[in-house]
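Numbering (the UniProt record's numbering), first residue to last: 1 to 466.
Structure follows, in structure tokens:
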């Protein structure tokens, strides 16, 4: 039988790639289109909400950063959970992350179809979604550097658009061209900074946390990063500052330009600002930017699904054939299998009502919470091991172990908030069912391995001695 030559992952991602990959994953449609809902709940205090969420995200990323700098591997936090916490923790967190990323891929592909529809309404949304599905997967099958370059430029477009919005908004405020309703006093005059009370901000926190989902992408790309000991600490430290800067500055400008209670009536705050120019050209540019955001998130999330599947296969928690890496450094089978399931999800999305799709997206929020809890708790186990072996680390986390407990308590608090929110309650109720499914799958996987080992042992014992 011919042996298939096995390659290795290539170190094709530089510092600029890594920073923009993580930035691209966390600045998506959540910023461009999702802010209106959080403004409706919290009013101007949403600014404080993003600052709190950004702090928690930063602490969690420093915990993940300490582990990936010591061991830049494919599979990221699933690998560390497997190694320092236990086999089931690695199995559960890896498959949980893979499934939620498949769902995110489905959501972004659906969004891409709608954005293309803006220019060419005669093109069915599924045709656009399929076209970008093929294009992105071909990129992911060629070379990791191609993926990195594409994500770099897609993320640059988003960043430039946000900076342009902040600059234009600042000009409107400073020059008085924004109209009589534009003033910094909008931040506290319309019912105060907490117009719906502190509970308004509390209820918005679950949706705010969703905006930071994807920031852990940097950990998935660690195994393909050039000079990880130097590149990864830079990326971890700078990413959260930049996300906070973009979100908070954008919100201050938006909420100063328009009364929050008018903005909360619907639509994208970005659209409202650009519409003030009264130009169709600007509306077209906005649609292009939002399309770019969706393609960027799909590109980076699609990359994540294959690398997590590769990590699971290397742990023995997924079929062995998924660990194959070709000579170009691409886990080709993991890419193809992830693509196949994404395609099935897109098909389900078009065949079944949107309610089913919305339910799955709420489950994604809950799944993100699970993974962040896993990262913080695994880091506690990792630090315990490092202390026991008296091994110093190159990139220590901040305020260990206090920051770990703070992150874990905060995440469970998000689940409590979701359980009290009618639109999100079902997702929290489904979590035990989802964890039970993973537990049963893990049990059957182990049972199959045990039966195989016993059969092999019996076969060896039955061979007659010479």
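Virtual Cβ for every residue (Gly too), placed ideally from N, Cα, C.
Handout entry: Cβ pair residue 93, residue 426 closer than 8 Å
Key = Indexing the chain shown from 1 puts residue 93 at position 93. Indexing the chain shown from 1 puts residue 426 at position 426. No, they are not a contact pair.
Handout entry: DSSP-derived helix/strand/coil call for residue 13
Key = Position 13 of the chain shown holds residue 13. Residue 13 falls in the strand class under three-state DSSP.
Problem - residue 122, buried or exposed, once every other Cβ within 10 Å from all chains shown has been counted against 16 - result: As a first step, residue 122 must be located in the chain shown, where it is residue number 122. By the neighbour-count rule (16 or more Cβ atoms within 10 Å), residue 122 is not buried but exposed.
Exercise for the section: Leaving aside the five residues before and after residue 430 along the sequence, list all residues of the same chain whose C-beta is less than 7 Å from its C-beta, in chain order. Expected result: The residue you call residue 430 lines up with position 430 of the chain shown. Residues of the same chain with a CB within less than 7 Å of the CB of residue 430, apart from the 5 flanking positions on each side, are 363 in chain order.
Exercise for the section: Answer with buried or exposed for residue 40, where buried requires no fewer than 16 other C-beta atoms within 10 angstroms of its C-beta. Expected result: Taking the first residue of the chain shown as 1, we reach residue 40 at position 40. Label assigned to residue 40: buried.
Practice task
Kindly indicate which three-state DSSP category residue 180 falls into: helix, strand or coil?
Solution key: Start at 1 with the first residue of the chain shown, and residue 180 comes out as number 180. Here residue 180 carries a coil assignment [DSSP, helix/strand/coil].
Exercise for the section: Jot down the residue ranges of each uninterrupted alpha helix (DSSP H) in the segment 124-171, minimum 4 residues, whole runs only, in chain order. Expected result: 125-142
Practice task
Could you check what DSSP says for residue 389 in three-state terms: helix, strand or coil?
Solution key: Taking the chain shown and counting its residues from 1, one reaches residue 389 at position 389. Three-state DSSP puts residue 389 in coil, outside helix and strand.
Handout entry: Opening and closing residue of the alpha helix (DSSP H) in which residue 192 lies
Key = Against the chain shown, residue 192 aligns to sequence position 192. Taken as a continuous stretch (DSSP letters only), residue 192 belongs to no alpha helix (DSSP H), as it is neither H nor E.
Problem - Proximity of residue 382 and residue 80 at Cβ, strictly below 8 Å - result: Sequence index remark: in the chain shown, residue 382 carries index 382 (1-based). Sequence index remark: in the chain shown, residue 80 carries index 80 (1-based). Yes, these two residues count as a Cβ contact at 8 Å.
Problem - Classification of residue 331 by the beta-carbon crowding that lies within 10 angstroms, buried from 16 upward - result: Taking the chain shown and counting its residues from 1, the one referred to as residue 331 is at position 331. Residue 331 should be labelled buried.
Handout entry: Sequence-distant residues of its chain with Cβ nearer than 7 Å to residue 370 (five each side left out)
Key = Taking the first residue of the chain shown as 1, we reach residue 370 at position 370. The residues are 96.
Practice task
Would you kindly work out how many angstroms separate the C-alpha atoms of residue 230 and residue 250, rounded to a whole number?
Solution key: Counting from one through the chain shown, the residue named residue 230 turns up at place 230. Counting from one through the chain shown, the residue named residue 250 turns up at place 250. Annotation: residue 230 to residue 250 spans about 31 Å, alpha carbon to alpha carbon.
Exercise for the section: Please go through the same chain and pick out, in chain order, the residues whose beta-carbon is closer than 8 Å to the beta-carbon of residue 116, but skip the five residues on each side of it. Expected result: For the purposes of this step, residue 116 is identified with residue 116 of the chain shown, where counting begins at 1. These residues qualify, in order along the chain: 123, 125, 128, 291.
Exercise for the section: Below 8 Å CB to CB, which residues in the same chain sit around residue 320 once its five sequence neighbours on both sides are set aside? Expected result: The residue labelled residue 320 in the question sits at position 320 within the chain shown. Same-chain partners within the cutoff: 313.
Handout entry: Status (buried if at least 16 other CB within 10 Å, exposed otherwise) for residue 411
Key = Residue numbering aside, residue 411 sits at position 411 when the chain shown is read from its first letter. Its Cβ being crowded by 16 or more others within 10 Å, residue 411 is buried.
Problem - Buried versus exposed call for residue 305 [16 or more other C-beta atoms within 10 Å across all chains shown] - result: Numbered from 1 along the chain shown, position 305 holds the residue referred to as residue 305. With 16 or more Cβ atoms within 10 Å of its Cβ, residue 305 is classed as buried.
Practice task
Measure the alpha-carbon distance for residue 206 versus residue 399 and round it to whole angstroms.
Solution key: The residue given as residue 206 occupies position 206 in the chain shown. The residue given as residue 399 occupies position 399 in the chain shown. Going from the Cα of residue 206 to the Cα of residue 399 covers about 24 Å.
Practice task
Look at the alpha carbon of residue 298 and the alpha carbon of residue 242, and state the distance between them as a whole number of angstroms.
Solution key: In the chain shown, residue 298 corresponds to position 298, counting from 1. In the chain shown, residue 242 corresponds to position 242, counting from 1. Rounded to the nearest angstrom, the two C-alpha atoms are 21 Å apart.
Exercise for the section: Excluding the 5 residues preceding and the 5 following residue 342 in the sequence, name in chain order all residues of the same chain whose CB lies nearer than 8 Å to its CB. Expected result: The residue given as residue 342 occupies position 342 in the chain shown. Excluding positions up to five away in sequence, the list reads 102, 105, 106, 109, 133, 302, 305.
Handout entry: Nearest candidate by alpha-carbon position, reference residue 186, set 166, 246, 258
Key = Within the chain shown, the letter at position 186 stands for residue 186. With distances taken between Cα atoms, residue 186 lies closest to 258.
Problem - Beta-carbon gap between residue 151 and residue 300 smaller than 8 Å - result: The sequence position of residue 151 within the chain shown is 151, counting from 1. The sequence position of residue 300 within the chain shown is 300, counting from 1. Residue 300 is positioned such that its CB atom lies closer than 8 Å to that of residue 151.
Handout entry: Enclosing alpha helix (DSSP H) for residue 38 [first to last residue]
Key = Numbered from 1 along the chain shown, position 38 holds the residue referred to as residue 38. Residue 38 -> alpha helix (DSSP H) spans 35-42.
Problem - Beta-carbon spacing of residue 38, residue 204 below 8 Å - result: Within the chain shown, the letter at position 38 stands for residue 38. Within the chain shown, the letter at position 204 stands for residue 204. Their beta carbons are under 8 Å apart, which means residue 38 touches residue 204 by this criterion.
Handout entry: Under the three-state DSSP convention, the category residue 225 falls into
Key = On the chain shown, residue 225 is found 225 positions in, with the first residue counted as 1. For residue 225, the three-state secondary structure derived from DSSP is strand.
Practice task
Please say whether residue 98 and residue 336 have beta carbons closer to each other than 8 Å?
Solution key: Here residue 336 is taken as the residue at index 336 of the chain shown, counted from 1. Here residue 98 is taken as the residue at index 98 of the chain shown, counted from 1. Result no, Cβ atoms of residue 336 and residue 98 do not sit closer than 8 Å.
Practice task
List the endpoints of the continuous alpha helix (DSSP H) containing residue 212.
Solution key: The residue given as residue 212 occupies position 212 in the chain shown. Counting along the chain, residue 212 falls outside any alpha helix (DSSP H), and DSSP gives it neither H nor E.
Practice task
Just the C-alpha distance for residue 322 and residue 223, rounded to the nearest angstrom, thanks.
Solution key: Indexing the chain shown from 1 puts residue 322 at position 322. Indexing the chain shown from 1 puts residue 223 at position 223. Put simply, the backbone Cα of residue 322 is about 17 Å away from that of residue 223.
Exercise for the section: Compute the beta-carbon to beta-carbon distance between residue 200 and residue 43, rounded to the nearest angstrom, for a pair I have assumed lies under 8 Å. Expected result: Counted from its first residue, the chain shown places residue 200 at position 200. Counted from its first residue, the chain shown places residue 43 at position 43. That belief holds up - the Cβ atoms of residue 200 and residue 43 are roughly 7 Å apart, short of 8 Å.
Exercise for the section: Can you grab the Cα-Cα spacing for the pair residue 2 / residue 238, in whole Å? Expected result: The residue given as residue 2 occupies position 2 in the chain shown. The residue given as residue 238 occupies position 238 in the chain shown. Because the pLDDT at residue 2 is just 36, under 50, the model does not fix this residue reliably, and the point stays unresolved.
Exercise for the section: Give the secondary structure of residue 442 by DSSP, where H, G and I count as helix, E and B as strand, and everything else as coil. Expected result: To locate residue 442, count along the chain shown from 1; it is residue 442. Taken through DSSP and simplified to helix, strand or coil, residue 442 comes out as helix.
Handout entry: residue 99 beta carbon near the ligand GTP (any heavy atom closer than 7 Å)
Key = By its list of ligands, the structure shown contains no ligand whatsoever, and the ligand GTP lies outside what it can speak to.
Exercise for the section: Indicate the three-state DSSP secondary structure (helix, strand or coil) for residue 252 in the structure shown. Expected result: Numbered from its first residue, the chain shown carries residue 252 at position 252. Correct three-state label for residue 252: helix.
Problem - Cα-Cα separation between residue 72 and residue 311, rounded to whole angstroms - result: Numbered from 1 along the chain shown, position 72 holds the residue referred to as residue 72. Numbered from 1 along the chain shown, position 311 holds the residue referred to as residue 311. Cα to Cα, residue 72 sits roughly 12 Å from residue 311.
Practice task
Mark residue 62 as exposed unless 16 or more other C-beta atoms lie within 10 angstroms of its C-beta, in which case mark it buried.
Solution key: Mapped onto the chain shown, residue 62 falls at position 62. By the 10 Å Cβ count, residue 62 comes out buried.
Practice task
Following the continuous alpha helix (DSSP H) through residue 185, name the residue where it begins and the one where it ends.
Solution key: What you label residue 185 is simply residue 185 of the chain shown in a count that begins at 1. Here residue 185 belongs to no alpha helix (DSSP H), and DSSP marks it neither H nor E.
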